[in-house]
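Numbers -21 to -1, 1 to 391, taken from mature numbering (1 follows the signal peptide of the UniProt record, and there is no 0), label the letters of the sequence shown in order. Cβ atoms here follow ideal geometry from the backbone N, Cα and C, with glycine treated the same way. Single-structure report; data block below.
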Amino acid sequence: MKKKVLIVLFSVFVAGIYAQAQKINVVSVSKERDIHNFYTMMKEAFPLAYNDPAAPRFIFFDDNKNFIFGVGGYVQLSGVYDFNGVEDYNFFTTSTIAMKGHQPGASYGMTVGQSRLFFKLVGNTDVGRLVSYIEMEFQGPQNTPKLQQAFVQFKGFTLGQAWSTFGDMTAVPTTIDEEGPSSGIEIRQPMLRYTYHINDRWQSSLALEYAKASYTTGKNAESIRQKVPDIPLNIRYTMKNGSHVQVGAILRNISYKNVVKDKDKIRTGWGVMGSGKLNITSSTSFLFQAEYGKGIANYIQDISGIGYDLIPTADDNGNLKAPGMWGLFGAFQHNWNPKLYSTITYSYARLEARGNLEGDTYKYAQYAGANLLWNFTEFGTTGIEYVFGRRNNFNHNYGNASRINAMIQYRF
């Protein structure tokens, strides 16, 4: 059924393009063969993250060259060898590391789930340049498609699902592991965002985002639907050499029900962050990010979706509180030559309080990795990576895990 729906959506999308033109042409596009600036147009609105697909090699365009449509993505085969601790072959999530004495043995795996496919439309309209983008990967059951991004951009507005405004994906280091740094802010959400370019150096964004709150209710509270969207904002400064720094903030109002009082309640959460990429030399960059807040577990990679946005108070009287949490990472990226490059990364994420939760609750985790990647052709990349993680609980139990990742990717 899902495959049929995707085929129908694709057919409708292409039909819309045919309606704009009397004749459709097809060309192959690369950096060396930039026909009518199509390659530059196709780069608009992405990529932000290393794993985001680049511009497509094949595009359709109309006679007036006002609209172009691209189909692209990449096929990626990933192989992993786990020494202990983490079972998901796509994501090395340090919060899932098993405790010492309870860890599975060594194992290996292979997956193509990180392969991507996207459709992109760029054109000139009465409201200016319009970008429409749909992206999916294949990490659903039996490698079925899973929607990653779907948005429309025009006049500074972004409407749809995209990377959260609270994060800075251009400061996230290159890793074969799709999870990346344990403290990274890497989440895609439905949103309505406006970005204002103040000048060539400064820009700012403000958004309303739909976030699925994940909290632990205890015995005397219940989950309910959220009533207020998250409100993130950021401001970014780009330097002459391509370096940048960014600061951001977010306000959350998380709804829950106090069963004791039979009353819906709202707990306010907030967060601040700072990030950047500094080009130290023409071949070496330093990437960093730090965040602190209360009730922002949804936005921190390691603890997103596992019930830490709100937790029961110590007396478990039906009230929930937003615990403090913070994280940071730093990474060096070096290009050995135009085709060979490496990244070393360290990350730390921490939950400040456990309230009424058990002693085996996650307290903090560390993540470290190093890799070597090689662009063997303009469209092909292969690489190898070592990742290490350590999780510590409030009761002082801990567990270590390490993994070797390898991948080969071909973009189209």
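Short Cβ contact (7 Å threshold) for L212 with L187: Counting from 1 along the sequence shown, the entry for residue 212 is found at position 233. Counting from 1 along the sequence shown, the entry for residue 187 is found at position 208. Not closer than 7 Å, so no.
CA-CA distance, S264 and W353? Here residue 264 refers to the residue found at position 285 when the sequence shown is read from its first residue. Here residue 353 refers to the residue found at position 374 when the sequence shown is read from its first residue. If I take the Cα positions, the gap works out to 17 Å.
Are the CB atoms of I113 and F98 within a distance shorter than 7 Å? For the purposes of this step, residue 98 is identified with residue 119 of the sequence shown, where counting begins at 1. For the purposes of this step, residue 113 is identified with residue 134 of the sequence shown, where counting begins at 1. Yes, these two residues count as a Cβ contact at 7 Å.
Would you tell me roughly how many angstroms separate the C-alpha atoms of V207 and E331, rounded to the nearest one? Locating residue 207 in the sequence shown gives position 228, counting from the first residue. Locating residue 331 in the sequence shown gives position 352, counting from the first residue. V207 and E331: Cα-Cα distance of roughly 25 Å.
Decide if N384 is buried, meaning its Cβ has at least 16 other Cβ atoms within 10 Å, or exposed. For the purposes of this step, residue 384 is taken as residue 405 along the sequence shown, with counting starting at 1. Classification for N384: buried.
Extract the residue ranges of the beta strand (DSSP E) inside the stretch 23 to 81, only unbroken runs of 3 or more that lie entirely within it. 37 to 41 and 46 to 63
Nearest-angstrom Cα distance between A(-1) and T104? Sequence index remark: in the sequence shown, residue -1 carries index 21 (1-based). Sequence index remark: in the sequence shown, residue 104 carries index 125 (1-based). Confidence in A(-1) is poor, its pLDDT being 38 and thus under 50, which makes the residue's placement unreliable; the coordinate value appears in the next sentence. So the two alpha carbons sit approximately 14 Å from each other.
Where does Y346 sit, in a helix, a strand or coil, going by DSSP? On the sequence shown, position 367 is the one that residue 346 refers to. Looking at Y346 - three-state DSSP - the assignment turns out to be strand.
I'd like to know whether the C-beta atoms of E364 and I155 end up nearer to each other than 7 Å. Counting from 1 along the sequence shown, the entry for residue 364 is found at position 385. Counting from 1 along the sequence shown, the entry for residue 155 is found at position 176. Yes; because the gap between Cβ atoms is below 7 Å, this pair is in contact.
Cβ-Cβ distance between Y359 and Y389 below 7 Å: Translated into positions along the sequence shown, residue 359 becomes position 380. Translated into positions along the sequence shown, residue 389 becomes position 410. Correcting the residue type first, residue 359 is Gly in the shown sequence and not Tyr. Yes, Cβ-Cβ distance for G359 and Y389 is below 7 Å.
One or two residues paired with Y389 in a DSSP bridge: Reading the sequence shown from its first residue, position 410 is the one you call residue 389. Answer is V54 and G359, bridged to Y389.
Straight-line Cα distance separating Y175 from E158: One-based indexing of the sequence shown puts residue 158 at position 179. One-based indexing of the sequence shown puts residue 175 at position 196. Using only the alpha carbons, I get a separation of about 30 Å.
Chain-order list of residues whose beta-carbon lies under 6 Å from that of M78 (same chain, five-residue window excluded): Here residue 78 corresponds to residue number 99 of the sequence shown, with the count starting at 1. Counting only Cβ-Cβ distances below 6 Å, and skipping sequence neighbours, we find N376 and G378.
Where DSSP assigns a beta bridge to Q268, which residues make up the other side? Indexing the sequence shown from 1 puts residue 268 at position 289. Bridge partners of Q268: S254 and F308.
Bounding residues of the beta strand (DSSP E) (the contiguous stretch that carries S202): The residue labelled residue 202 in the question sits at position 223 within the sequence shown. Residues A200 to S202.
Supposed contact pair M386 and Q55 - C-beta distance, whole angstroms, cut 8 Å: Working through the sequence shown from its first residue, we reach residue 55 at position 76. Working through the sequence shown from its first residue, we reach residue 386 at position 407. With a Cβ gap of about 6 Å, Q55 and M386 count as contacting.
Helix, strand or coil for T137? Go by DSSP, reduced to three states. Here residue 137 is taken as the residue at index 158 of the sequence shown, counted from 1. Reduced to three states, the DSSP call for T137 is strand.
On the three-state DSSP scale, how would you describe M276? For the purposes of this step, residue 276 is taken as the residue at position 297 of the sequence shown. Reading off the sequence shown, one finds Ala at residue 276, where the question assumed Met. Helix, per DSSP.
So, helix, strand or coil for M148, using DSSP? Residue mapping note: residue 148 aligns to position 169 of the sequence shown, counting from 1. Here M148 sits in helix by DSSP.
When you compare the CB positions of F367 and A347, do they come within less than 7 Å of one another, or not? Residue mapping note: residue 367 aligns to position 388 of the sequence shown, counting from 1. Residue mapping note: residue 347 aligns to position 368 of the sequence shown, counting from 1. Yes, the pair counts as a contact, with Cβ atoms nearer than the cut-off.
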